[in-house]
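S.K.: Questions regarding the structure given below will be posed in turn.
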Amino acid sequence: MPISDEYAARTACRDHTLINTQPLRGSLRGQFYSQCQKARMNYGCKYSHTIFNVNRVHKLGSPDGRTSYVVGLDYGYGFERYGGYEGWYSGWDVRIPDGAGYPPSKNIGHARVYDLPKALLVKEARTGLRSAGDALTQYAKVQSLCQAHHELNACQRPECKFDHDLVDSARIEKLARWAPGNTNDYDALTVECRVVEGRTTWKITLKEAVFARLKATEPIARRIPSRPYSYESAELLDVVRHMEQVVGLATT
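Okay, here's the thing in structure tokens:
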């Protein structure tokens, strides 16, 4: 049975989690691509390149099974900052803890990290967690968003077949709704995964640049008590939902 466009759009692209193994020629030499990017270079992929499994973040923080670590996911904007030579782009950086036991960073070539799953793949490659030709990571549940859980937080199925560890990073990016409209570099927000003795806390901090175009006279400005503004919880999706209410992207 063919997969509908709607279902594909809420399904993480498997090939975008794999490193390209095909030869690169001409101007493509020295570039770092996911398997999907190389295969579909001239046309779009119908699967999501923004949905990611949070366990990839945990694996980066704890390659040796340690129970305490911090991983940072930084979203911002800049010229040539995220791998684009020809202009200004938004993108992601991934910070892993010092002394995490990784070998020296591998030279993987030039990488564009406009989306978070690609940024995670780049960090996995540089740390040696993933290499070209590695098999697809197997998860116990389907890597598609559970609509009831993701949109309404109302999934009542005790054995839901969809993975509730998935988050769409596009929702996080939209939190920067008042970011500057000019061409200055800026840091928009940070997502922090802090684990202490096995207990996880997710935290999103909206940086001052996120509020650059928010007028003080707007009613919503009075509801944001401090800038930068941050919120934390045990589940990343709960933090995203809270932040969406704060910035006026959701009412419930």
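Numbering (this note's numbering), first residue to last: 259 to 510.
For every residue, glycine included, the Cβ atom is placed at its ideal position computed from N, Cα and C.
Since the model is a prediction, treat every value here as computed from it, not as a measurement.
Where does Gln414 land, buried or exposed, given buried means 16+ other C-beta within 10 angstroms?
M.R.: With fewer than 16 other Cβ atoms within 10 Å, it is exposed.
S.K.: Let me know if Thr275 comes out buried or exposed under the rule of 16 or more other beta-carbons within 10 Å of its beta-carbon.
M.R.: With 16 or more other Cβ atoms within 10 Å, it is buried.
S.K.: Expressed to the nearest angstrom, what Euclidean distance is found between the alpha-carbon atoms of Gly342 and Glu417?
M.R.: Computed Cα separation, rounded: 43 Å.
S.K.: By a C-beta neighbour count over all protein chains shown, 10 Å radius and 16 as the cutoff for buried, is Asn365 buried or exposed?
M.R.: Looking at its Cβ environment, which holds fewer than 16 other Cβ atoms inside 10 Å, Asn365 is exposed.
S.K.: Let me know the secondary structure DSSP gives Gly319 once reduced to three states.
M.R.: Helix, per DSSP.
S.K.: Using DSSP with H/G/I as helix, E/B as strand and the rest coil, what is Asp443?
M.R.: Three-state result, Asp443: coil.
S.K.: Could you tell me the distance, in whole angstroms, from the CA atom of Gly349 to the CA atom of Thr475?
M.R.: The alpha-carbon atoms of Gly349 and Thr475 are separated by roughly 30 Å.
S.K.: If the criterion is Cβ atoms closer than 8 Å, does the pair Thr448 and Asp332 meet it?
M.R.: In this structure, Asp332 lies closer than 8 Å to Thr448 by Cβ.
S.K.: Comparing alpha-carbon positions, which option in Val328, Glu409 and Arg283 lies nearest Lys461?
M.R.: Checked all of Val328, Glu409 and Arg283; the closest Cα to Lys461 is Val328.
S.K.: Quick one: is Leu410 buried, meaning 16 or more other Cβ sit within 10 Å of its Cβ, or exposed?
M.R.: Exposed is the call here.
S.K.: Who are His368's beta bridge partners in DSSP?
M.R.: The partner list for His368 (beta bridge, DSSP) reads Gln289.
S.K.: Would you decide whether Arg388 is buried or exposed? Buried here means 16 or more other CB atoms lie within 10 Å of its CB.
M.R.: When all chains shown are included, Arg388 counts as buried.
S.K.: Spatial neighbours of Ala267 within its chain, please: C-beta separation below 8 Å, excluding the five flanking residues on both sides.
M.R.: Excluding residues within five positions, the ones whose Cβ falls inside 8 Å are Lys304, Tyr305 and Ser306.
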